[in-house]
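Residue numbers (full-length UniProt numbering): 1 to 153.
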Amino acid sequence: MALTRQTMTDEQRKSVALEYLKAFDKAGVTSDGGSILDLFAEDAQVYFPKWGLADGKEAIGRLFGDVGGTLKSIVHHYAAFNWVFSGGDVIVCEGTSHGEHKDGPWRAGVPDWGAGRWCDVFEIRDWKIQRCFIYLDPDYAGKDSARYPWLGR
Numbered sequence: 001m002a003l004t005r006q007t008m009t010d011e012q013r014k015s016v017a018l019e020y021l022k023a024f025d026k027a028g029v030t031s032d033g034g035s036i037l038d039l040f041a042e043d044a045q046v047y048f049p050k051w052g053l054a055d056g057k058e059a060i061g062r063l064f065g066d067v068g069g070t071l072k073s074i075v076h077h078y079a080a081f082n083w084v085f086s087g088g089d090v091i092v093c094e095g096t097s098h099g100e101h102k103d104g105p106w107r108a109g110v111p112d113w114g115a116g117r118w119c120d121v122f123e124i125r126d127w128k129i130q131r132c133f134i135y136l137d138p139d140y141a142g143k144d145s146a147r148y149p150w151l152g153r
């Protein structure tokens, strides 16, 4: 297979990342009715806290199935996103969300220490996500508070 490199602008990379985030809000379905996995390169990597590193589309599908299976709904707050562009293939999106986990609802800022704030680091090339590392607190319902004494104050 020949290596191809299509030049992309930051706005084009951002559009791919937005399509990915919007697909999450629609249970993994993209705006054209496809699968969220269609947005990924065959050998892409995704990291999710407490799950680990998924290598390739098959493993990414398992990760999304595992994580998505714990969520009843999720809504990303697009108007409040912060974007950081590297001038290369890497872009970063920081944002907030709300939704319902199987253990209960969450909303960014309620409480302030709870779930809902996140940061995704994307590497996007040739209109495909090559890498997406997701940084967030996966304890959506805030059940893991006994191990952190400052939360009781």
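Quick reminder that beta carbons are idealized off the backbone N, C-alpha and C, glycines included.
DSSP beta-bridge partners of residue i
| i | result |
| --- | --- |
| Arg131 | Gln45 and Glu123 |
| Phe85 | Ile91 |
| Leu136 | Trp118 |
| Leu53 | Tyr47 |
Pairwise C-alpha distance: residue j and residue i
| i | j | result |
| --- | --- | --- |
| Leu18 | Arg147 | 35 Å |
| Ser97 | Thr7 | 31 Å |
| Ser81 | Pro149 | One point to set straight first is that residue 81 is Phe, not Ser, in the sequence displayed. Taking the straight line from one Cα to the other gives about 31 Å. |
| Phe122 | Leu39 | 12 Å |
| Glu100 | Trp106 | 6 Å |
| Trp83 | Asp139 | 24 Å |
| Gly69 | Ser31 | 21 Å |
| Tyr135 | Lys14 | 18 Å |
| Gly116 | Val110 | 9 Å |
Other residues of its chain near residue i: CB distance less than 7 Å, five sequence neighbours each side excluded
| i | result |
| --- | --- |
| Glu42 | Gly56 and Lys57 |
| residue 197 | With the chain covering 1 to 153 only, the question about residue 197 has no answer from this structure. |
| Val67 | Phe48 and Trp51 |
| Gly104 | Ala141 |
Sequence-distant residues of the same chain with beta carbon closer than 8 Å to residue i, five excluded per side
| i | result |
| --- | --- |
| Phe127 | Before going on, a small fix: residue 127 reads as Trp here, not Phe. Taken in chain order, the residues that qualify are Gln6, Met8, Gln12 and Val16. |
Test item: CB-CB of residue i and residue j under 8 Å
| i | j | result |
| --- | --- | --- |
| Lys143 | Lys102 | no |
| Cys93 | Asp137 | no |
Own chain partners of residue i with C-beta closer than 6 Å, once the 5 adjacent residues on each side are dropped
| i | result |
| --- | --- |
| residue 158 | Look at the range of the chain in this structure, 1 to 153, and you will see that residue 158 is not part of it. |
| Ala54 | Val46, Ile60 and Leu63 |
Three or more C-beta pairs closer than 8 Å, one from the stretch 45-61 and one from the stretch 87-99: is that the case here? no
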